[in-house]
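Under mature numbering (1 follows the signal peptide of the UniProt record, and there is no 0), the letters of the sequence shown match residues -20 to -1, 1 to 171, in that order. Virtual Cβ for every residue (Gly too), placed ideally from N, Cα, C.
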Amino acid sequence: MVLLVNLLLFIIILINFVNTNEIEFCLKDKESCENKYINNKRYILYDVNQSEGFNLRRDVYIRIGVFVKTNLYHWKSNTIKQKQLPWSLFFDIESLNKYVKVIELYEFIEEANGADTVDKVFVLQNDPKMFETGDFKDKNKIVECNKVKLNRELFWGYNNITANEIICIEFHGTASQLVVNLNPSVDKLIL
């Protein structure tokens, strides 16, 4: 079950780059806006467990792409470490950008001025009794995070990324049903 949980571990992270109580714009007639600027961007970051391969990476991209824009074989190498692998190692980023905008994590960190504190982490889990009961109905229920290993693997092996809150959700359904868990008017980053 842990493997199944890990396979479905779409970590949705909401990060706040600036205090949401601060004004995030500057007046047109001001010469310098300093750090206050219009920022309508929202980010969805995603990754797979380090033991997973090309097939799952491709599938995750497609699922996230469909989530953002509504309407291979597993690979592992003994010569390449499985942590902090850029997506460009597997994909032609320019081609991916034709469907859904993609940036590498290091590009995101640069763009976000080094933001490293995540507001919320959503860990998606299967209903452990789903196969026993045969109940495959859609589900989106907040549960306790008993079995989730909360370590740096949640953050792609980076030691400098932390979270303020972790929420576990028993989830079964289409990616579009995750929208009810998000608050894009307040939160800036979704992973």
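For residue j and residue i, believed in contact at Cβ under 8 Å, the rounded distance
i, j, result
"L104", "I146", "In fact, because the Cβ distance is near 12 Å, the residues do not count as touching under 8 Å."
"L25", "F88", "7 Å"
"N144", "V98", "7 Å"
Spatially closest choice to residue i from the options, by CA coordinates
i, options, result
"N139", "I44, Q64, V40, I42", "Q64"
"K100", "L162, N35, E112, R22", "L162"
"F116", "T154, I44, V40", "T154"
"E124", "T113, F102, N144", "F102"
"G114", "A92, E90, H152", "H152"
"F135", "Y86, D118, E74", "Y86"
"D118", "R43, S156, E74, I44", "S156"
"K78", "A92, N35, I122, I42", "I42"
"I44", "K121, E74, V82, S75", "V82"
"I122", "R22, N93, V160, G94", "V160"
Limits of the alpha helix (DSSP H) - the one that residue i falls within
i, result
"E112", "110 to 113"
"F88", "85 to 91"
"N120", "It is not in any alpha helix (DSSP H) - N120 instead sits in the beta strand (DSSP E) that spans 119 to 123."
"L76", "73 to 77"
Unbroken beta strand (DSSP E) run spanning residue i, endpoints
i, result
"N144", "142 to 152"
"E161", "With the sequence shown as reference, residue 161 is identified as Asn, and Glu is not the correct amino acid for it. Neither: N161 is in no beta strand (DSSP E) and is coded neither H nor E."
"L69", "Segment: none, L69 is in no beta strand (DSSP E) and carries neither H nor E."
"K81", "That residue, K81, is in no beta strand (DSSP E); it is neither H nor E in DSSP."
Sub-7 Å separation of residue i and residue j beta-carbons
i, j, result
"V28", "R37", "yes"
"I141", "D96", "yes"
Next item on the list: For the region 66 to 82 and the region 104 to 116, state whether three or more C-beta atom pairs, one from each stretch, are separated by less than 8 Å.
Entry: no
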